[in-house]
Every structure is written in C-alpha cells, then in structure tokens.
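First residue of the sequence shown? That's 1 in the UniProt record's numbering, and the numbers climb one at a time after it. By construction, the Cβ of each residue, glycine as well, lies at the ideal position given by its N, Cα and C atoms. As the structure is a prediction and not an experimental result, all values here were calculated from the model. What follows is one structure encoded as structure tokens, with my remarks underneath.
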Amino acid sequence: MTLNLAPPGEILQVLGQRVRAQRLAQSLPQRELAQMAGLSLGALRKLESSGQSSLETLVRAVQALGLVNELEDLFVLKRQSIAQMEKAEAATQRQRARRRSST
Numbered sequence: 001m002t003l004n005l006a007p008p009g010e011i012l013q014v015l016g017q018r019v020r021a022q023r024l025a026q027s028l029p030q031r032e033l034a035q036m037a038g039l040s041l042g043a044l045r046k047l048e049s050s051g052q053s054s055l056e057t058l059v060r061a062v063q064a065l066g067l068v069n070e071l072e073d074l075f076v077l078k079r080q081s082i083a084q085m086e087k088a089e090a091a092t093q094r095q096r097a098r099r100r101s102s103t
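See below:
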C-alpha cells in the first residue's frame with residue numbers, strides 16, 4: 001500500500017497492522033509481546049487495532065520484535081543533486097554568531 005496520499009489516521013492504522021503482522025509472523029501472542037516490550041496489553045492492542053499509540057509505544061514494540069533496523073532510514077535526508085548535497089552540508093555545519101565590532 002502506498003502511503004503518499006493517505007491521511008494520518010490511515011497511516012497509523014497501516015503501521016499498527018504491520019506491527020500485528022510481524023508479531024504473528026514470529027508466532028508471538030499479544031500478551032507475550034506486550035511483556036517483552038514493557039507495555040500494557042491494552043496499549044499493544046490499541047496499537048495493533050488502530051495505530052493509535054505514543055511514539056514510545058511503537059518503538060518499544062518494534063524493539064521487542066527485533067526490527068529497530070527498519071527505523072534506520074526513517075528520516076534520513078535524501079539528497080538528489082549536488083546542489084541539494086551542498087545545501088544540506090551547509091545546514092548541518094555549526095554556525096556561530098558574528099562578533100560585534102568594537103568601534
């Protein structure tokens with residue numbers, strides 16, 4: 001499913017479904033995953049059913065499923081041209097305020 005034009009609620013629901021699919025693929029009951037992740041069973045159920053959760057809940061579930069590497073490229077700046085690369089590099093360099101001139 002392409003999420004480009006999906007509203008936020010739909011994206012959350014898809015993420016919850018993906019967490020559920022990963023849990024089932026690993027043959028883990030909800031109670032066991034919740035315990036492994038340090039979550040309440042209700043929090044995990046809510047995540048899986050609607051995607052509604054805190055970011056911490058999502059990350060804990062992903063960690064417990066052993067999928068942290070899947071988050072690696074989540075917000076990595078993608079550079080497509082040399083100009084974009086130069087602009088991104090300039091933005092990441094530390095900049096200092098100019099010194100006041102003593103006149």
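> DSSP on residue 87, reduced to helix/strand/coil?
Replying inline: Position 87 of the sequence shown, counted from the first residue, corresponds to residue 87. Three-state DSSP puts residue 87 in a helix.
> Where does the unbroken alpha helix (DSSP H) through residue 144 begin, and where does it stop?
Replying inline: Not covered by the structure: residue 144. The range shown for the chain is 1 to 103.
> What do you get for residue 57, buried or exposed, if any count of 16 or more other CB atoms within 10 angstroms of its CB means buried?
Replying inline: The residue you call residue 57 lines up with position 57 of the sequence shown. Under this definition residue 57 is a buried residue.
>> Does residue 23 pass the burial test, meaning 16 or more other C-beta atoms within 10 Å, or should it be called exposed?
In response: What you label residue 23 is simply residue 23 of the sequence shown in a count that begins at 1. Per the 10 Å Cβ criterion, buried.
> CB-CB under 7 Å to residue 16, same chain, minus the five flanking residues each way: which ones, in chain order?
Replying inline: Locating residue 16 in the sequence shown gives position 16, where the first residue counts as 1. 47, 48, 49, 50, 51.
>> Using the three-state DSSP reduction, which class does residue 57 fall into: helix, strand or coil?
In response: Along the sequence shown, one-based indexing puts residue 57 at 57. Residue state, collapsed to three classes: helix.
> For residue 99, does the count of other Cβ atoms within 10 angstroms reach 16, so buried, or fall short, so exposed?
Replying inline: Counting from 1 along the sequence shown, the entry for residue 99 is found at position 99. Residue 99 comes out exposed.
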